[in-house]
Amino acid sequence: MTVTDGKDELEAQFAQWREYVRRRPELVESDADELEDHLRGSVDGLVSKGLAADEAFLIAVKRMGGLDDLSREFAREHSERLWKQLMFTGDAGDPVRRSRSRRDVLAMLVCAFGAAVSVKIPELFGRGFNDDGLFYSINLALFALPWLAGFLLWRRRPGAGVGGALAALFVLGAVVANAYPLDEDSQSAGLMATHLPIALWLVVGLAYVSDDLRSARRRMDFIRFTGEWFVYLVLMGLGGGVLIAFLYGIFDAIDVESDTVIGNWVIPCGFVAATVVAGWLVEAKQGVIENIAPVLTRIFTPLFTVALLAFLITIGWNGRGIDIDRETLVLFDLLLAVVLGLLLYSLSARDPQAPRGPFDVLQLALVVSALVIDALVLYTMAGRIAEYGTTPNNVAALGENIVLLANLAWSAWLLLRFVRRRGTFPAIERWQTVYLPVYALWFWTVVLLLPPLFSFR
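Residue numbers for the sequence shown follow the working numbering, so the first one is 25 and each next one is one higher.
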């Protein structure tokens, strides 16, 4: 290799490193220049001591530390810039990023407007928002989530085949939601209204990871995206509730009836548009502030662990079994889902290279407690099915508990190995991301097969 070739290779390594640094929204162009100057100085110093250029580059990068630490350091030193990034002012020091930010805002507005228009189209065929509750309860996700997926696809720019496959899944959901002759009081209608949005959300997940479908880290990023999207949506919902209350009050003060406009336009259009806006907020503001994930998990993991352990101790103390009715079954399903969400949220925010600590032991206690409760619920549920027969609700709940039981059992095993220093954290992370298709398969099974199997009961 000639000297020129060695310099070209080193410059290519610098360019690749700089591109990696520039992906961080905390670091603007001047920050990247400063870091690169420091890195080049370190490389030159090591080369002058007799090291090869490629060896010097690797050692210098290692000495600089993790990019996350650098990002936090720059955020502390430029705290005034943090507030600017939180506003809608773009990146004043970076024309390229500012242009991309503006295009993202435009794409978000187009998708949000498309969602708002689509939710009003059924009214052209006589299906009013306040007059046909069953139709909108089943189809509401179909008016919002395809537009959110479209926004994510616009950002990821995958191949046409990925977009076509996602469109086909959304079309399948629309056909299933409207092909079955569901009665408003049927259990199948309730299952469709609760399970179809989750099945379609997993399709949104495919759009989110479409730039790297095989990456476990990207799938874990989608888990974090899900939680933060939900938090943003709830916050916007609370703000929207205050806005609606003011609208009612100020129009009532001038004797103008606003119920029809608010009920038929503001609420449905605002909700579906907010799903797209929430997705854009997570995408635009990720990395600018500390992720919500570690904060929530650190607060609620100890609380839920104590609550579940107290519940199990109480069962053992009084010797009573779990009385499973429909409402209690839903409650336990939600409880297990929250426990799994805390685990996933924590994994998505954890440094994969960090050593085990007390919080990992606490998570193991939480998962084991949930696993024991799930086994007790399944035992009681199996007895009720054997006594009273099957219904769409108990079959769906039974399947979901089995799916959760399998995940929690293997998660507990992997966490135990990690706590005992016989396993690695990446193994836990890979298991959770590999298990995502199992959830998708079950929710689509409930939507596609249970209504016809139970004659739409």
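Note that beta-carbon positions come from the ideal geometry of N, C-alpha and C, so glycine has one too. What you are looking at is a predicted structure, and each value in this text was computed from that prediction instead of being measured.
query = Where does the unbroken alpha helix (DSSP H) through arginine 408 begin, and where does it stop?
reply = 382 to 412
Which listed residue (Cys293, Val391, Asp357) has its alpha carbon closest to that of valine 3 = Summary: the structure shown does not reach residue 3, with the chain confined to residues 25 through 481, and so no result is reported for it.
message = Helix, strand or coil, according to DSSP, for phenylalanine 153 in the structure here?
response = coil
message = What ranges does the beta strand (DSSP E) occupy inside the stretch 235 to 271, keeping only unbroken runs of at least 3 residues that lie completely in it?
response = none
Close Cβ partners of leucine 224 (< 6 Å) along its chain, the five nearest in sequence each way excluded = Ala165, Leu169, Gly197
ask   = So, helix, strand or coil for leucine 224, using DSSP?
value = Here leucine 224 carries a helix assignment [DSSP, helix/strand/coil].
query = Hey, would you say threonine 325 sits closer than 8 Å to glutamine 387, going by beta carbons?
reply = yes
ask   = How is isoleucine 162 classed by DSSP in three states: helix, strand or coil?
value = In the structure shown, isoleucine 162 falls within a helical segment according to DSSP collapsed to helix, strand and coil.
task = Could you have a look at isoleucine 5 and say whether DSSP puts it in helix, strand or coil?
result = The first residue shown for the chain is 25 and the last is 481, placing residue 5 beyond what the model contains.
ask   = tyrosine 272 and isoleucine 286: beta carbons closer than 8 Å?
value = yes
message = Taking the alpha carbon of aspartate 384 as the reference point, which residue from Leu359, Gly340, Arg322, Thr404 has its own alpha carbon closest?
response = Arg322
task = Over the uninterrupted alpha helix (DSSP H) stretch that includes arginine 1, give me the two end residues.
result = No answer is possible for residue 1: the residues shown for the chain start at 25 and end at 481.
Phenylalanine 439, enclosing alpha helix (DSSP H) - first and last residue = The identity of residue 439 in the sequence shown is leucine, whereas the question assumes phenylalanine. In this chain, the alpha helix (DSSP H) harbouring leucine 439 covers 416 to 443.
request  = In the DSSP assignment, find the unbroken alpha helix (DSSP H) run with lysine 309 in it and report its ends.
outcome  = Counting along the chain, the alpha helix (DSSP H) containing lysine 309 begins and ends at 291 to 309.
query = Straight-line CA distance for serine 66 to leucine 320?
reply = 39 Å
message = I'd like to check one pair, leucine 438 with isoleucine 426: are the Cβ atoms closer than 8 Å?
response = no
ask   = Is DSSP giving proline 182 helix, strand or coil here?
value = DSSP, read as helix, strand or coil, puts proline 182 in coil.
ask   = Tell me which same chain residues have a C-beta within less than 6 Å of the C-beta of alanine 136, skipping the five on either side of it?
value = Ala297, Val300, Val301
key: Pick from Val396, Leu440, Ser72, Arg243 that is closest to valine 228, judged by C-alpha positions   = Arg243
key: Contact under 8 Å by Cβ, isoleucine 162 with methionine 216   = yes
ask   = Below 8 Å, can you find three or more Cβ-Cβ pairs linking the stretch 226 to 241 to the stretch 171 to 185?
value = yes
inquiry  = Less than 7 Å separating the Cβ of tryptophan 304 from some heavy atom of the ligand ZN?
reply    = With respect to small molecules bound, the structure shown includes none, and the ligand ZN cannot be examined in it.
query = How long is the line joining the alpha carbons of tryptophan 434 and valine 401, rounded to whole angstroms?
reply = Near 18 Å, if we compare the C-alpha coordinates of valine 401 and tryptophan 434.
key: Inter-residue Cα distance where the pair is aspartate 68 and glutamine 37   = 14 Å
ask   = Given that a residue counts as buried once 16 or more other Cβ atoms are within 10 Å of its Cβ, and exposed if not, what is alanine 436?
value = buried
key: Short Cβ contact (8 Å threshold) for phenylalanine 246 with tyrosine 232   = In this structure, tyrosine 232 lies closer than 8 Å to phenylalanine 246 by Cβ.
request  = Could you say which of Phe153, Lys31, Ile397, Gly188 lies nearest to phenylalanine 295 if we only look at CA atoms?
outcome  = Measuring C-alpha to C-alpha distances from phenylalanine 295 to each of Phe153, Lys31, Ile397, Gly188 identifies Phe153 as the nearest.
ask   = Within 10 angstroms of its Cβ, does serine 234 collect 16 or more other Cβ (buried), or is it exposed?
value = Burial call: buried.
Under the three-state DSSP convention, the category leucine 34 falls into = Reduced to three states, the DSSP call for leucine 34 is helix.
CA-to-CA distance, alanine 76 to histidine 62, given in whole angstroms = One C-alpha to the other measures close to 18 Å.
C-beta contact flag for alanine 394 and leucine 360 at 8 Å = Alanine 394 places its beta carbon less than 8 Å from that of leucine 360.
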